[in-house]
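Worksheet: one structure, shown below.
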């Protein structure tokens, strides 16, 4: 089942035709129903905005579903993260240009305290093998290896992986990645 959509209208259209979809938890047919929107606050001082929809495998009114929900999201949204995917991509692109972690985080979010930046780096490193398997980068020439040897290993791995992701998916990286792979970017 598709879980990332380019816009809310496409998501709404999809939830109107759930009749032939299987529940990803119990694999039953004809049990899924639309169950409301998911809201997220984009930035401080702004009202919450719709970023997704819930789908329920109904176990009510004569249905025999499992009662669990699934979430459908806009492709610019990263689940469980306050900031949009574009902010994370801006953060990594800033790191690729040689910025420090704090400088990259300030550029991406406008927040001076970089404590979440290290959480982002941990999450990105946890996804590194997934990202690298999607890209299948060729071996880099010797000149690039020598240049990357001056950087810490963590940054050089992240840089080479994201260079391959950008080459394959283009900008906006997070949205294209999530739409095409149907997996979370982070």
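In this note's numbering, the protein residues as written are 40 to 225. For glycine and all other residues, C-beta sits at the position ideal for the given N, C-alpha and C. Note that the structure is predicted; figures quoted are calculated from it, not measured.
Contiguous beta strand (DSSP E) assignments of at least 3 residues, all confined to the segment 65–126: 71–80, 87–96, 108–113
Tell me which residues share the same chain as residue 234 and place their Cβ nearer than 8 Å to its Cβ, disregarding the 5 neighbours each side in the sequence. Nothing can be reported for residue 234: it is not among the residues displayed for the chain, which extend from 40 to 225.
How big is the Cα-Cα spacing for residue 107 and residue 64? 8 Å
contact_flag[the segment 85–94, the segment 124–138] where n(CB pairs < 8 Å) is 3 or more: no
Beta-carbon gap between residue 111 and residue 50 smaller than 8 Å: yes
Tell me which residues share the same chain as residue 183 and place their Cβ nearer than 6 Å to its Cβ, disregarding the 5 neighbours each side in the sequence. Residue confidence is low: residue 183 scores 48 on pLDDT, short of 50, so the model does not pin down where it sits. No coordinate-derived value is stated.
Once you ignore the five residues that flank residue 151 on each side, which residues in its own chain have a CB closer than 7 Å to its CB? 145
Alpha carbon to alpha carbon, what distance is there between residue 223 and residue 59? 24 Å
Roughly how many angstroms lie between the CA atoms of residue 113 and residue 161, to the nearest whole one? 24 Å
Determine the closest residue to residue 98 out of 204, 74, 78, with distance taken between C-alpha atoms. 74
Selected residue, minimal CA-CA separation from residue 52, among 214, 158, 155, 92: 92
Cβ pair residue 201, residue 131 closer than 8 Å: yes
Any idea what DSSP makes of residue 224, helix, strand or coil? coil
Can you find the residues in the same chain that come closer than 6 Å, C-beta to C-beta, to residue 57, ignoring five residues on each side of it along the sequence? 71
8 Å contact criterion, which residue 41 and residue 221 should meet: CB distance rounded: 6 Å
Alpha carbon to alpha carbon, what distance is there between residue 43 and residue 137? 32 Å
Close beta carbons around residue 133, own chain, < 6 Å, minus the five adjacent residues each side: 143, 146
Find the nearest neighbour of residue 46 within the set 192, 206, 116, judged by alpha-carbon distance. 116
Could you check the C-alpha separation between residue 214 and residue 193 for me, to the nearest Å? 24 Å
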